[in-house]
Amino acid sequence: MITPVLPTYARIDLQFERGEGCWLVTTDGRRFLDFTAGIAVNVLGHANPYLAAALSEQATKLWHVSNLFRIPGAEKLADRLKAATFADTMFFTNSGAEALECAIKMARRYQYVSGHPEKNRIITFEGAFHGRTLATIAAGGNPKYLEGFGPDLPGFDQVPFGDLDAARAAVTPETAAILVEPVQGEGGVRVPPAGFLAGLRELCDENGLLLVLDEVQSGVGRTGRLFAHEWTGITPDIMSVAKGIGGGFPMGACLATEEAAKGMTVGTHGSTYGGNPLAMAVGNAVLDVVLEDDFLPRVNRVAGRFQQRLAELRDTHPAVIAEVRGQGLLLGIKAAVPAPELIAALREEGMLVPGAAENVIRLLPPLTVSEEEVGIAADKIEAACRRIEARLASDPVKGAAE
Numbered sequence: 004m005i006t007p008v009l010p011t012y013a014r015i016d017l018q019f020e021r022g023e024g025c026w027l028v029t030t031d032g033r034r035f036l037d038f039t040a041g042i043a044v045n046v047l048g049h050a051n052p053y054l055a056a057a058l059s060e061q062a063t064k065l066w067h068v069s070n071l072f073r074i075p076g077a078e079k080l081a082d083r084l085k086a087a088t089f090a091d092t093m094f095f096t097n098s099g100a101e102a103l104e105c106a107i108k109m110a111r112r113y114q115y116v117s118g119h120p121e122k123n124r125i126i127t128f129e130g131a132f133h134g135r136t137l138a139t140i141a142a143g144g145n146p147k148y149l150e151g152f153g154p155d156l157p158g159f160d161q162v163p164f165g166d167l168d169a170a171r172a173a174v175t176p177e178t179a180a181i182l183v184e185p186v187q188g189e190g191g192v193r194v195p196p197a198g199f200l201a202g203l204r205e206l207c208d209e210n211g212l213l214l215v216l217d218e219v220q221s222g223v224g225r226t227g228r229l230f231a232h233e234w235t236g237i238t239p240d241i242m243s244v245a246k247g248i249g250g251g252f253p254m255g256a257c258l259a260t261e262e263a264a265k266g267m268t269v270g271t272h273g274s275t276y277g278g279n280p281l282a283m284a285v286g287n288a289v290l291d292v293v294l295e296d297d298f299l300p301r302v303n304r305v306a307g308r309f310q311q312r313l314a315e316l317r318d319t320h321p322a323v324i325a326e327v328r329g330q331g332l333l334l335g336i337k338a339a340v341p342a343p344e345l346i347a348a349l350r351e352e353g354m355l356v357p358g359a360a361e362n363v364i365r366l367l368p369p370l371t372v373s374e375e376e377v378g379i380a381a382d383k384i385e386a387a388c389r390r391i392e393a394r395l396a397s398d399p400v401k402g403a404a405e
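Under my numbering, the first residue of the sequence shown is numbered 4, with each subsequent residue one higher.
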């Protein structure tokens, strides 16, 4: 018999009653160190009092009016993001997938109004994750997500991630844009080689293409800069953002230059809930904190300390940890045993982490995590490694990575 909630998730049998910063408390009183953070969403932790106050204050005034009318909070947030980024304009959404849908439409529309309607294909990269709509699963190209939902939406050409020559070879007279994550999260916490993003920027400029960045997971301070592409010195034409921008409240945004957005005129796109007053109040509150002078430097200090401890654990537990990856607080451990086994062992130690491709577990704490808490996390990872090593010693075949 089917469950009342559609069974599209293999849910872990944990129910949480409340959260406190980097910690979650179950209905039966158990405490877990949360390095999932709603999958890189709760950048300011659980039950952040500043965000709660902003949401509560707005909730007593106005929840929803639709985009038939001006929304002051949206205009304020747009002005602030414009000042802090490359963008001249933006469209607010309810999710990352919607932000990517907007970006895909914008890139194709740009070429159309520029007199190149034949330019409608987008180069994407193997291992990418852009969402679960028909367009975004086609852009990602993962057979697991495409199965049974055919025919696949046309218009996307996948090439290996990090391979600039392959991207160059994929450009045709029908190419409109290149879509890429600065760091692949779901794809295994993969950081591209140095010069890759700069090479894509140059390739786009040479061929009249738009560079579209998916910063849904890597953005809003996750890598130690407001957006991950800032580490490379390049700017995109279009960028999709979500997750951390709402601090846990569902929202996203598609940011663009004036030139890239020139085709998105009245009636070309819309959203009933996008940019609603509740989301905008929280989004502005998130920016209040993330844009403080000492916030991102502190993220980098804590991230550096955590990465140092992880490197030590890799050296001392090679039978469990094969590699440490990532940037800032978007980190991953490539496991030498099946990743689900390491995730389960960490859960036994009272720590929550999500998986990723390539047998990787992700470490995605709130950006407010303290040095003490990353130390606790490292201790729990070490305890989980010892737990697995003891199992391997008793049964070397069981738990070997595939």
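Glycine residues also receive a C-beta, built at the ideal position from the N, C-alpha and C atoms.
Under a three-way DSSP split, which group does Ala-339 fall into? Taking the first residue of the sequence shown as 1, we reach residue 339 at position 336. In the displayed model, Ala-339 falls within coil according to three-state DSSP, outside both helix and strand.
Distance check for Ala-314 and Glu-405, CA to CA, integer angstroms please. Numbered from 1 along the sequence shown, position 402 holds the residue referred to as residue 405. Numbered from 1 along the sequence shown, position 311 holds the residue referred to as residue 314. With a pLDDT of only 49 at Glu-405, under the threshold of 50, the placement of this residue in the model should not be trusted; the figure read from the coordinates follows. Annotation: Glu-405 to Ala-314 spans about 23 Å, alpha carbon to alpha carbon.
So, for Met-267: in the same chain, excluding its five sequence neighbours on each side, which residues have a beta-carbon less than 7 Å away from its beta-carbon? Against the sequence shown, residue 267 aligns to sequence position 264. The residues Met-109 and Arg-112, in chain order, have a CB closer than 7 Å to that of Met-267 in the same chain once the five nearest residues on each side in sequence are set aside.
Which residue from Ala-106, Gly-378 and Ala-170 puts its Cα closest to that of Val-305? Translated into the one-based positions of the sequence shown, residue 305 becomes position 302. Among Ala-106, Gly-378 and Ala-170, the Cα nearest to that of Val-305 is on Gly-378.
Rounded to whole angstroms, what's the CA-CA distance from Ile-364 to Gly-41? Just pull it up for me. Within the sequence shown, residue 364 is the residue found at index 361, counting from 1. Within the sequence shown, residue 41 is the residue found at index 38, counting from 1. Their backbone Cα atoms lie some 14 Å apart in a straight line.
One question on the structure: do Gly-224 and Val-293 come within less than 8 Å of each other, judged by their Cβ atoms? Locating residue 224 in the sequence shown gives position 221, where the first residue counts as 1. Locating residue 293 in the sequence shown gives position 290, where the first residue counts as 1. Cβ distance < 8 Å, so Gly-224 and Val-293 count as in contact.
How big is the Cα-Cα spacing for Leu-137 and Asn-303? Residue 137 sits at position 134 when you count from the first residue of the sequence shown. Residue 303 sits at position 300 when you count from the first residue of the sequence shown. Each residue's alpha carbon lies about 36 Å from the other.
Distance check for Thr-92 and Glu-385, CA to CA, integer angstroms please. On the sequence shown, position 382 is the one that residue 385 refers to. On the sequence shown, position 89 is the one that residue 92 refers to. About 46 Å.
Ignore the nearest five residues each way along the sequence and tell me which others in Pro-343's own chain have a CB closer than 8 Å to its CB. Residue numbering aside, residue 343 sits at position 340 when the sequence shown is read from its first letter. In the same chain as Pro-343, and ignoring 5 residues on each side of it, the C-beta atoms closer than 8 Å to its own belong to Gly-358, in chain order.
Sorted by chain position, which residues of the same chain lie with C-beta nearer than 7 Å to Lys-265's C-beta, five sequence neighbours on each side aside? Counted from its first residue, the sequence shown places residue 265 at position 262. Excluding sequence positions up to five before and after Lys-265, its CB lies within less than 7 Å of the CB of Tyr-113 and Val-116, all in the same chain and listed in chain order.
Could you please give the first and the last residue of the uninterrupted alpha helix (DSSP H) stretch that includes Met-267? On the sequence shown, residue 267 is found 264 positions in, with the first residue counted as 1. Taken as a continuous stretch (DSSP letters only), Met-267 belongs to no alpha helix (DSSP H), as it is neither H nor E.
Gly-41 lies in the alpha helix (DSSP H); which residues open and close that run? Within the sequence shown, residue 41 is the residue found at index 38, counting from 1. First-last of the alpha helix (DSSP H) with Gly-41: 40-43.
Where does Pro-7 fall in DSSP's three states? What you label residue 7 is simply residue 4 of the sequence shown in a count that begins at 1. The DSSP-derived three-state label of Pro-7 is coil.
Are the region 308-328 and the region 188-198 in contact at 8 Å, needing three or more beta carbon pairs? Judged by pairs of C-beta atoms under 8 Å, the region 308-328 touches the region 188-198, as three or more such pairs exist.
Once the 5 residues before and after Ala-173 are set aside, which same chain residues still bring their CB inside 8 Å of it? The residue labelled residue 173 in the question sits at position 170 within the sequence shown. Correct list, in chain order: Ile-126, Asp-160 and Val-162.
Tell whether a beta-carbon distance below 8 Å holds between Ile-391 and Val-356. Taking the sequence shown and counting its residues from 1, one reaches residue 391 at position 388. Taking the sequence shown and counting its residues from 1, one reaches residue 356 at position 353. No, Cβ-Cβ distance for Ile-391 and Val-356 is not below 8 Å.
I'd like to know whether the C-beta atoms of Glu-121 and Glu-177 end up nearer to each other than 8 Å. Locating residue 121 in the sequence shown gives position 118, counting from the first residue. Locating residue 177 in the sequence shown gives position 174, counting from the first residue. Between Glu-121 and Glu-177, the C-beta spacing is below 8 Å.
Please list the terminal residues of the continuous alpha helix (DSSP H) segment that includes Ile-107. Your numbering for residue 107 matches position 104 in the sequence shown. Run containing Ile-107: 99-116, per the alpha helix (DSSP H) assignment.
Where does the unbroken alpha helix (DSSP H) through Ala-142 begin, and where does it stop? Within the sequence shown, residue 142 is the residue found at index 139, counting from 1. Note, Ala-142: alpha helix (DSSP H), 137-143.
Just tell me which of Arg-389, Leu-395, Glu-295 and Cys-257 has its CA closest to the CA of Ala-77. Translated into the one-based positions of the sequence shown, residue 77 becomes position 74. When Arg-389, Leu-395, Glu-295 and Cys-257 are compared, the shortest CA-CA separation from Ala-77 is found for Cys-257.
For a test of the three-state rule: what should DSSP assign to Ala-13, helix, strand or coil? Counting from 1 along the sequence shown, the entry for residue 13 is found at position 10. Here DSSP, grouped into helix, strand and coil, assigns Ala-13 to coil.
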